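Below is one structure, written out as structure tokens; the observations come after it.
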């Protein structure tokens, strides 16, 4: 059902609900999810052992991806994580478990300290992990409202490796029914979601930047 107040206000209301729900998630549930994300990320990378991974460093209430990134690093994948730049742009820096970081990014984003690179790093990336608060069938993604990833995803057809998978990371109960996530004109859809229960297809592939296998 369409919210008569418009998508922006509907998004803000839904964000508040989802942020509160994440804050209530128990430590035991997060620890269980960390093990599951580690396993499922390894499955996604099984057929692309020589390609890089572009991810992000999760905050305390986000899906616990960091153990999975450590595993991917030890299996030989180069890991790139974002740095917020002026103009709501993202640059990318190499990350290892020993990389120093700071927490001065938009929304408290954890950012690595080191050389920054542009979208050209996507030429070697086989898996792009995107943060979100929720997704829905059709590829609708509810981000945190900054617009950084929507702008970045719009550039992917020009910069992506031909085998790139774009995957949004959420908890299983954040995959909402169709029509539950308000969509605006500039919102970039995503084809796949990674949850602690496995991978969920959200939409059919729509070009090189969203090709899956």
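In the UniProt record's numbering, the protein residues as written are 1 to 213.
No residue lacks a Cβ here, since even glycine has one placed at the ideal position from N, Cα and C.
Everything numeric in this text was worked out from a predicted model, so none of it was measured.
- Counting along the chain, residue 38 sits inside the alpha helix (DSSP H) bounded by residues 27-45.
- Residue 193 holds the alpha-carbon nearest to the alpha-carbon of residue 138 among 157, 193 and 24.
- Between residue 112 and residue 101, the gap from beta carbon to beta carbon is short of 8 Å.
- When 88, 79 and 68 are compared, the shortest CA-CA separation from residue 94 is found for 79.
- Look at residue 61 here: in three-state DSSP terms it is coil, with no helix or strand label.
- By the Cβ neighbour-count rule, residue 168 is buried, with 16 or more other Cβ atoms within 10 Å of its own.
- The beta carbon of residue 40 sits closer than 7 Å to those of 194, 198 and 199, all from its chain and outside the five residues before and after it, given in chain order.
- At the C-beta level, residue 44 and residue 77 stay beyond 8 Å of one another.
- By the Cβ criterion, the region 29-36 is not in contact with the region 144-162, since fewer than three pairs of Cβ atoms, one from each stretch, lie closer than 8 Å.
- Two segments are said to touch when three or more pairs of C-beta atoms, one from each, lie closer than 8 Å; by this definition the region 66-74 does not touch the region 140-155.
- When secondary structure is reduced to three states using DSSP, residue 163 falls in the coil class, being assigned neither helix nor strand.
- For residue 99, the three-state secondary structure derived from DSSP is coil.
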